[in-house]
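Enquirer: The numbers in this note's numbering rise by one with no breaks, and the one at position 33 of the sequence shown is 175.
Even glycine gets a Cβ: it sits at the ideal position worked out from N, Cα and C.
The structure displayed is predicted, hence computed values, not measured ones.
Structure below; questions to follow.
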Amino acid sequence: AKRNALSAAADGAVSGVKIVAASMSNMLAFVCIIKLIDAILDWFGQRAGLSGVSFTTICSYLLYPLAYVMGSDPQDCGKLAALIGVKLFATPIVGYTELGKIIKNRHVWEAYVSKGNTSAWHWSGDDVILDNVNVTLVNGFMSVSRFI
């Protein structure tokens, strides 16, 4: 039985901290498990003569048809499939964080090109290099589709 509003608020704050801490530790555990799986897959891939084998790479191949059916541009299907895999097998927050980085990269690239730097950038694997400002957009960006 709570005797006053201050006691009830304090008990609620303590309960909230417990929930947030449990959620954060759960997310950290999922990220660590994915990093462990990436390291194991990379190790096996190197033994087989393949470089860059990771959880997201496997997801990008397995979920490519789903990304295509969802209406993504064919050049973006691998990247979208990797995001879907991270969202499905890890936590949605991790997937949406990666999506946020890709969206931000798109805005940075559009601002760069709008200043007249139309040919001063190039792809390097999955990354985009903006030559005039020496900036690397890690994981690049996806094309913008205006279709519904």
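Using 10 angstroms around the beta-carbon of residue 239, count the other beta-carbons present and answer buried if the total reaches 16, otherwise exposed.
Expert: By 1-based counting over the sequence shown, the position of residue 239 is 97. Its Cβ having fewer than 16 others within 10 Å, residue 239 is exposed.
Enquirer: How about the region 169 to 185 and the region 219 to 237: do they share at least three Cβ pairs that are nearer than 8 Å?
Expert: Flag = yes, the region 169 to 185 and the region 219 to 237 touch.
Enquirer: For residue 253, count neighbouring Cβ atoms within 10 angstroms of its own Cβ and tell me buried if that reaches 16, exposed if not.
Expert: Position 111 of the sequence shown, counting from 1, holds the residue named residue 253. The residue in question, residue 253, is exposed, as its Cβ has fewer than 16 Cβ neighbours within 10 Å.
Enquirer: For residue 239, which residues does DSSP report across the bridge?
Expert: Residue numbering aside, residue 239 sits at position 97 when the sequence shown is read from its first letter. DSSP, once it has assigned bridges, lists no residue as partnering residue 239.
Enquirer: Residues in its own chain within less than 8 Å of residue 218 by CB, not counting five upstream and five downstream?
Expert: Position 76 of the sequence shown, counted from the start, is the residue given in the question as residue 218. Here the set comprises 209, 284 and 285.
Enquirer: Hey, could you find the ends of the alpha helix (DSSP H) residue 170 is sitting in?
Expert: Taking the first residue of the sequence shown as position 1, residue 170 is located at position 28. First-last of the alpha helix (DSSP H) with residue 170: 147 to 189.
Enquirer: Starting from the C-beta of residue 262, find all residues in its chain whose C-beta is less than 6 Å away, skip the five residues before and the five after it, and write them out in chain order.
Expert: Locating residue 262 in the sequence shown gives position 120, where the first residue counts as 1. The answer, listed in chain order, is 273 and 274.
Enquirer: Pick helix, strand or coil for residue 211, following the three-state DSSP scheme.
Expert: What you label residue 211 is simply residue 69 of the sequence shown in a count that begins at 1. Residue 211 falls in the helix class under three-state DSSP.
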